[in-house]
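Heads up, the thing below is written out as structure tokens.
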Amino acid sequence: MASHSKESVRILVARYAEIFDGINNLVDVGGGTGSTIKIIVDSFPDLRCTVFDLPHVVDNSLNNDSISVIGGDMFDKIPPADAILLKTILHDWSDEACVQILKKCKEAIESTTNNGKVIVVDMVLDSDIDNDTKETETKLIYNLSMMSLFGGKERTKKEWHGLILGAGYSDYKIYPARMPLYSVIELYP
């Protein structure tokens, strides 16, 4: 799983580099041990980053000039930043929980800037699931896993639309998929 995650982040910074333009600081919510942030900082060394996860998960050894570590709960408060990254986080949660998380992200970016954004890296299911591709089959298997294991799910564009507007965002953009399985969604307050 960790190697899959690292490869997807390398693809993210290579194929979606423009999403990091204009960002001074980034909080990786649910950032775990910091493997995602390490790759992002290597690609964008001027970016100040924070790994935010439950206190027992974060690795304080990451603290340096570019990376800080904060333990906390995303349902309570998310540290303020220009941008918040939610990489494969929301598919673990119900729609109601996702709206709560997205509202906390919105509060965090609105407290620092008028031009903040939330960057979601997650699957976007095709609304036409009759096409016979291995990628669609894989996404549907992930969807069944998320529903049965965590009570979450992979979502269609229409379902993402409902979550984003339900959390109070004024606009969003779903980038065409440029990496296997995952899409990038930018949310604007």
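Quick note on numbering: the sequence shown equals residues -11 to 177 in this note's numbering. Think of the CB as a built atom: it goes at the ideal place given N, C-alpha and C, for glycine as much as any other residue. Predicted model, so just to flag it, every value in this text is computed and none were measured.
If you compare alpha carbons, which of the options is closest to residue i?
i: D64; options: I89, I55, H44; result: I89
i: L73; options: G19, A2, L153; result: G19
i: G10; options: V45, P177, D70; result: D70
i: L169; options: W148, T76, G150; result: T76
i: I7; options: N52, N103, P43; result: N103
i: M62; options: C37, P43, L175; result: P43
i: R3; options: L175, P177, P164; result: P164
i: P100; options: P177, N51, G150, V1; result: For the record, residue 100 in the displayed sequence is Thr; it is not Pro. Looking at the Cα atoms, P177 is the closest of the given residues.
i: V45; options: N51, S31, N52, G22; result: G22
i: S31; options: L175, N51, L0; result: L0
i: I173; options: L50, W148, S158, A155; result: W148
i: D159; options: L50, L175, P68; result: L175
Per DSSP, residue i is paired with what?
i: E174; result: I107, K161
i: I72; result: V15, V106
i: L151; result: Bridge partners of L151: none, in fact.
i: T144; result: L113
i: R(-2); result: Paired residue(s): none; R(-2) is not in a bridge.
i: F40; result: V17, I58
Got a sec? Which residues, its chain only, sit under 7 Å from residue i by beta carbon, not counting five neighbours each side?
i: N48; result: V57
i: S(-9); result: Per-residue confidence for S(-9) stands at a pLDDT of 47, beneath the threshold of 50, marking its modelled position as unreliable; the derived number appears in the next sentence. Excluding positions up to five away in sequence, the list is empty.
i: V156; result: Looking at the sequence shown, residue 156 is not Val but Gly. Same-chain partners within the cutoff: K91, K94.
i: L50; result: G22, V39, V57
What residue does the beta strand (DSSP E) around residue i start on, and which one ends it?
i: V57; result: 55 to 59
Might you give, ordered along the chain, the residues of its own chain that have their beta carbon closer than 6 Å to the beta carbon of residue i, omitting 5 neighbours on each side?
i: L78; result: C86, D110
i: N131; result: In this prediction, N131 scores a pLDDT of 44, lower than 50, which makes its location untrustworthy; the coordinate-derived value is nonetheless stated afterwards. So the list reads K141, E142, once near-sequence residues are dropped.
i: E(-5); result: none
i: P68; result: A96, S99, T100
Keeping to the same chain, check which residues put their C-beta closer than 8 Å to that of residue i; ignore five residues upstream and five downstream.
i: R(-2); result: I27
i: P33; result: S54
i: I66; result: V15, V17, F40, G60, I72, K92, C93, E95, A96
i: L35; result: F8, I11, N12, N13, L14, I28, V29, S54
i: C37; result: N13, L14, V15, D16, I25, I28, V29, S54, I55, S56
i: E98; result: G104, P177
i: S171; result: V109, D110, M111, V112, I162, Y163, P164, A165
i: L151; result: L78, D83, C86, V87, L90, R143
How many whole angstroms separate the CB atoms of residue i and residue j, which I take to be in contact at a CB cut-off of 8 Å?
i: V112; j: I162; result: 6 Å
Does the ligand ZN have a heavy atom nearer than 7 Å to the CB of residue i?
i: D70; result: Of the ligands one can find in the structure shown there are none, so the ligand ZN has no counterpart to examine.
Between which two residues does the alpha helix (DSSP H) holding residue i run?
i: T100; result: No alpha helix (DSSP H) contains T100, which DSSP labels as neither H nor E.
i: I28; result: 23 to 31
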